[in-house]
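Beneath this line is the structure, given in C-alpha cells, with notes to follow.
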Amino acid sequence: MAGVEQITVEAGEAGMRLDRWFKTHFPGLGFGHLQKLLRSGQIRVDGGRVKADTRVEPGQTVRIPPLEVDKKGESPLTGHSIRNQGDADVLAKMLIHEDPKVFVFNKPAGLAVQGGSGVTRNVDDMLEAWRNQKGEKPRLVHRLDRDTSGVLVVARTRLAAMKLAEAFRARETKKTYWALVKGVPPKREDKIST
C-alpha cells in the first residue's frame, strides 16, 4: 500500500472488532504489526485513537497508514478465489442452493463440519477456498455430525451469520432429521429428542 487510505465501515460490519475488521480487509497483515500501528496511533477511527477491541459502526472512517503485508495477502481476493482447487471443487459438487446471503450444501456422511482431534478434512477449512471479494470467509451457523448426511446452511456474510444464528437461537429455524432404515423397526413410530 503506497499512502494513507481512508475506508468507510459498511452496514454488514456493524459491531465488528477493529482487529477482525483489519483481518477481513487485509488478510496478510500480521497481528504484531497491527498492534504496533494501533499503539502508535497511526490507525484511527473517525480521527480518534483506538484499540484492537474497539467495535466499529457503519459510516465510521478508518484511517489506514501504509502497511507491510505478507506476500500471500498482497493481491485482493475475488469471488470464489481458489486457494485450494480440490476443496473448491468438492464444495461446488455439494452446492444445492446459493443466494446473496447463504450457500446451502448437501453434506455427505463421513465429512466433518468443523475440525477437531483426528479430523483432517472439514467443511469449515474447505470454506477458505470460497472467500468473497473482501476476503470474507463464509461462516458456519449450525453443525451436522460427521456421520450425518444432510443440508448444511452456511452464511456468506457476517451479517447473514448473525441473523441466521439468532433464528436458530430463537427456534424460528429448526432442523428435522430423517432416518433410512433397513428392515422393519421394532416400533412403528418413535421420537428422538436432544
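Going by my numbering, the first residue of the sequence shown is number 10, and it counts up by one from there.
Glycine included, each C-beta is placed from N, C-alpha and C at the ideal position.
- Under the DSSP assignment, Val71 falls in the beta strand (DSSP E) whose first and last residues are Thr70 to Ile73.
- Between the C-alpha atoms of Glu145 and Arg197 there is a straight-line separation of about 47 Å.
- Counting C-beta atoms within 10 angstroms of its own C-beta, Ala179 has fewer than 16 neighbours from the protein chains shown and is therefore classed as exposed.
- Assigned with DSSP and collapsed to three states, Ala61 falls in coil, not helix or strand.
- Taking the Cα of Phe40 as reference, the smallest distance to any Cα among Arg29, Ser49 and Gly50 is reached at Arg29.
- Here the alpha carbons of Pro36 and Phe114 stand approximately 26 Å from one another.
- Assigned with DSSP and collapsed to three states, Glu14 falls in strand.
- For Glu175, the enclosing alpha helix (DSSP H) has its first and last residue at Arg167 to Arg178.
- DSSP lists no beta-bridge partner residue for Val132.
- Following the DSSP letters along the chain, one finds His151 in no beta strand (DSSP E), marked with neither H nor E.
- Under the DSSP assignment, Phe35 falls outside any beta strand (DSSP E); it carries neither an H nor an E label.
- Between the region 126 to 137 and the region 60 to 79, the count of C-beta pairs closer than 8 Å stays below three; the two stretches do not touch.
- Val162 is the residue among Val162, Thr185, Lys191 and Arg53 whose C-alpha sits nearest the C-alpha of Phe112.
- Looking at the backbone, the Cα of Gln51 and that of Pro147 are separated by about 30 Å.
- DSSP places Glu22 within a helical segment (H, G or I) once states are collapsed to three.
- In this model, Arg152 and Thr185 are separated by some 13 Å (Cα to Cα).
- The Cβ atoms of Arg53 and Arg72 lie closer than 7 Å to each other.
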